[in-house]
Amino acid sequence: MDVLIWIIIVALFIISFIGLIYPIIPAVLMLWVGIILYYFFIDASALLWWTWGSLIALTIAIFVADYLASMYFVKKYGASKHGMTAATLGLIVGSFIIPPFGILIVPFVLVLVIELLQQHSLSHSFKAAVGTLLGFLTSTFAKGMIQLILIGIFLVDVLIF
Numbered sequence: 004m005d006v007l008i009w010i011i012i013v014a015l016f017i018i019s020f021i022g023l024i025y026p027i028i029p030a031v032l033m034l035w036v037g038i039i040l041y042y043f044f045i046d047a048s049a050l051l052w053w054t055w056g057s058l059i060a061l062t063i064a065i066f067v068a069d070y071l072a073s074m075y076f077v078k079k080y081g082a083s084k085h086g087m088t089a090a091t092l093g094l095i096v097g098s099f100i101i102p103p104f105g106i107l108i109v110p111f112v113l114v115l116v117i118e119l120l121q122q123h124s125l126s127h128s129f130k131a132a133v134g135t136l137l138g139f140l141t142s143t144f145a146k147g148m149i150q151l152i153l154i155g156i157f158l159v160d161v162l163i164f
């Protein structure tokens, strides 16, 4: 039974990384489901208090990194609120259109069009679209790194301690 649970945990961890590319998949939730499966079905006593604290702190860090990276580039490159909304919608729609490239192309095009429709110059609109793209890539990289650390802490605790 433990082997089956471990297979499911590993699958959930892999799905969490797929969730970085497909925003429709709740990446962090997949990690937590894997951890909870371990806790309830393999060994509840194996996870130490520092692990729980670290996992919670890193989960919060994922959301903060996502927000800060996205907002930094979006504001730095001058996207409007409508442009930011278009980028978010573009990520969701882009997940289904020419995956995985749609998550890069669709938000970029939507932000460019929305900014142009608001009477911004082509230069400004292009810059805002690039900022949206850089924000997505940066936040995805940051979330991926934090997820790796989160998984590493979990594995160190359950396999070594």
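Heads up: the sequence shown begins at 4 in my numbering, then just goes up one per residue.
Glycine residues also receive a C-beta, built at the ideal position from the N, C-alpha and C atoms.
Any non-hydrogen atom of the ligand FAD closer than 7 Å to residue i Cβ
i      : result
Gln121 : For the ligand FAD, the structure offers nothing, since it holds no ligand at all.
For residue i, the three-state DSSP class (helix, strand or coil)
i      : result
Leu128 : Just to set this straight, residue 128 is Ser in the shown sequence, not Leu. Note: Ser128 maps to helix in three-state DSSP.
Ala167 : This structure cannot settle anything about residue 167, because the visible part of the chain is limited to 4 through 164.
Gly97  : helix
Phe43  : helix
Gly155 : helix
Pro110 : helix
Met4   : coil
Gly1   : Summary: the structure shown does not reach residue 1, with the chain confined to residues 4 through 164, and so no result is reported for it.
Leu51  : coil
Gly81  : coil
Gln150 : helix
Phe104 : coil
Phe164 : coil
Contacting residues, own chain, Cβ-Cβ under 7 Å from residue i (five flanking each side not counted)
i      : result
Asp160 : Ala49, Leu50, Leu51, Thr54
Ile24  : Pro103, Ile106
Ser98  : Tyr25, Pro26, Ile27, Gly105, Ile106
Inter-residue spacing [alpha-carbon to alpha-carbon] between residue i and residue j
i      : j      : result
Phe66  : Gln121 : 30 Å
Ser19  : Thr91  : 19 Å
Gly37  : Phe139 : 26 Å
Phe104 : Ser142 : 17 Å
Gly93  : Ile28  : 15 Å
Ile12  : Gly147 : 17 Å
Leu40  : Ser83  : 42 Å
Asp69  : His85  : 19 Å
Leu119 : Phe129 : 9 Å
Ile163 : Ala14  : 21 Å
Ile95  : Ala47  : 36 Å
Nearest neighbour of residue i, chosen from the options [CA to CA]
i      : options                        : result
His127 : Leu140, Tyr25, Tyr80, Gly97    : Tyr80
Val133 : Ile8, Thr88, Val112, Gly155    : Val112
Ala131 : Leu158, Asp69, Pro103, Met87   : Met87
Gly22  : Ile156, Phe157, Gln150, Gly155 : Gln150
Ala64  : Phe164, Phe104, Leu40, Ile152  : Ile152
Ile8   : Pro26, Ala82, Phe43            : Phe43
Phe16  : Ile24, Tyr25, Met33, Ile163    : Met33
Thr62  : Phe76, Ala145, Phe129          : Ala145
Met74  : Phe164, Leu136, Ile154         : Leu136
Gly56  : Phe164, Ile156, Leu162, Ile163 : Ile156
Neighbourhood of residue i by C-beta, 6 Å cutoff - its chain only, sequence neighbours within 5 removed
i      : result
Asp5   : Ile45
Ala89  : Leu113, Val114, Ile117
Leu125 : none
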